[in-house]
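Per the working numbering, numbering of the sequence shown is gapless, rising by one per residue and ending at 580.
Before any comments, here is the structure.
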Amino acid sequence: MEHTLEARRPFPRFGSREDAQRSSQAPICDVIEADHTEILRLFEAIAWYAEGEDERLDLFGLLRQKVLAHIRAQRDVTYPSLAAELPVTARSIEDHQAIHTELDNLGRTPAGDRWYGDFAALHAGVRAHMQRDRRSFCSRLKQEIPPAEQIALGRAYESARNEHLRELAAR
410 MEHTLEARRP FPRFGSREDA QRSSQAPICD VIEADHTEIL RLFEAIAWYA
460 EGEDERLDLF GLLRQKVLAH IRAQRDVTYP SLAAELPVTA RSIEDHQAIH
510 TELDNLGRTP AGDRWYGDFA ALHAGVRAHM QRDRRSFCSR LKQEIPPAEQ
560 IALGRAYESA RNEHLRELAA R
């Protein structure tokens, strides 16, 4: 009997129309957290669900697009709006640069044990970054930015992220 993804466990979903509608009125940290959740689901899909090299590469390509669009949207929208208020952005920027470099390196690494080791290291680095964002960046942002501005930033971030996703998918 041939095993399919559905036969083993439900495949994680990667966003929905309801998520998009709900997030259009969400504060920036909620939007960022939703991106983080989607990115973690992609890591899980690669580690646990990918059957064969082609599927792994397809999912890794999607992961790369999502992470890069997230990084670029924060660079274009969130950080310029918050730099004066939140000096903790410097650490997030460093994290994003390291993650970008690791993604590029992993994209050039052939399949095998080394690829999975590097993938696990990238996953750990991304999770650590997400925890720092939640603990320091978003905590400070919620204290120092008025709620209406947080929602406006969330919409601007989503718009920039979606534009970056379209650009990356076109390549």
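Cβ coordinates follow ideal geometry from the N, Cα and C atoms, glycine included.
As the structure is a computational prediction, the values presented were derived from the model and not from experiment.
Under three-state DSSP, which class holds ALA507? The count along the sequence shown starts at 1 and reaches residue 507 at position 98. The answer is helix: DSSP assigns ALA507 an H, G or I state.
Discussion item. Does GLU462 pass the burial test, meaning 16 or more other C-beta atoms within 10 Å, or should it be called exposed?
Written reply: Taking the first residue of the sequence shown as 1, we reach residue 462 at position 53. Flag for GLU462 reads exposed.
Practice task
Would you check if the distance between the CB atom of VAL440 and the CB atom of VAL535 is smaller than 9 angstroms?
Solution key: As a working note, residue 440 is residue 31 in the sequence shown. As a working note, residue 535 is residue 126 in the sequence shown. No, the Cβ-Cβ distance between VAL440 and VAL535 is not below 9 angstroms.
_Cα-Cα separation, MET444 to ARG473_ = Position 35 of the sequence shown, counting from 1, holds the residue named residue 444. Position 64 of the sequence shown, counting from 1, holds the residue named residue 473. The identity of residue 444 in the sequence shown is Asp, whereas the question assumes Met. Going by the C-alpha atoms only, they are around 13 angstroms apart.
Query - Among GLU453, TRP524, GLY563 and ASP522, nearest to THR487 - alpha-carbon criterion - result: Looking up residue 487 in the sequence shown gives position 78. The option with the nearest alpha carbon to THR487 is GLY563.
Is there contact here, the stretch 537 to 547 with the stretch 501 to 510, by at least three beta-carbon pairs under 8 angstroms? yes
Leaving out five residues before and five after ALA482 in sequence, what residues of the same chain have Cβ atoms less than 7 angstroms from its Cβ? Residue numbering aside, residue 482 sits at position 73 when the sequence shown is read from its first letter. So the qualifying residues of the chain are TYR566, ALA569, ARG570 and HIS573.
- Is DSSP giving ALA520 helix, strand or coil here? Here residue 520 refers to the residue found at position 111 when the sequence shown is read from its first residue. In the structure shown, ALA520 sits in coil (DSSP, three-state: anything other than H, G, I, E or B).
Query raised in the report: ALA435 lies in the alpha helix (DSSP H); which residues open and close that run?
Result: Here residue 435 refers to the residue found at position 26 of the sequence shown. Looking at the DSSP string, ALA435 is not in any alpha helix (DSSP H), and its letter there is neither H nor E.
* To do: Pull up the distance between the alpha-carbon of ASP467 and that of ARG543, whole angstroms please.
  => Locating residue 467 in the sequence shown gives position 58, where the first residue counts as 1. Locating residue 543 in the sequence shown gives position 134, where the first residue counts as 1. Going from the Cα of ASP467 to the Cα of ARG543 covers about 29 angstroms.
Item to complete: Identify the continuous alpha helix (DSSP H) that holds GLU553 and give its terminal residues.
Response: In the sequence shown, residue 553 corresponds to position 144, counting from 1. That run of the alpha helix (DSSP H) goes 547 to 553.
- Item | Cβ distance (whole Å) where LEU515 is taken to contact ASP527 below 8 angstroms | What you label residue 515 is simply residue 106 of the sequence shown in a count that begins at 1. What you label residue 527 is simply residue 118 of the sequence shown in a count that begins at 1. Between ASP527 and LEU515 the Cβ distance is about 5 angstroms, and since that is below 8 angstroms, they are a contact.
Out of curiosity, what's the CA-to-CA distance linking GLU553 and PHE546?
Taking the first residue of the sequence shown as 1, we reach residue 553 at position 144. Taking the first residue of the sequence shown as 1, we reach residue 546 at position 137. Each residue's Cα considered, the two are about 11 angstroms apart.
Q. For LEU471 versus LEU550, is the C-beta spacing smaller than 9 angstroms?
A. Taking the first residue of the sequence shown as 1, we reach residue 471 at position 62. Taking the first residue of the sequence shown as 1, we reach residue 550 at position 141. No. Outside cutoff.
Please report how far the alpha carbon of ARG431 lies from the alpha carbon of ILE560, in whole angstroms. For the purposes of this step, residue 431 is taken as the residue at position 22 of the sequence shown. For the purposes of this step, residue 560 is taken as the residue at position 151 of the sequence shown. Model confidence at ARG431 stands at a pLDDT of 49, short of 50, so the residue's coordinates are unreliable; what they give is reported in the following sentence. Taking the straight line joining both Cα atoms gives about 12 angstroms.
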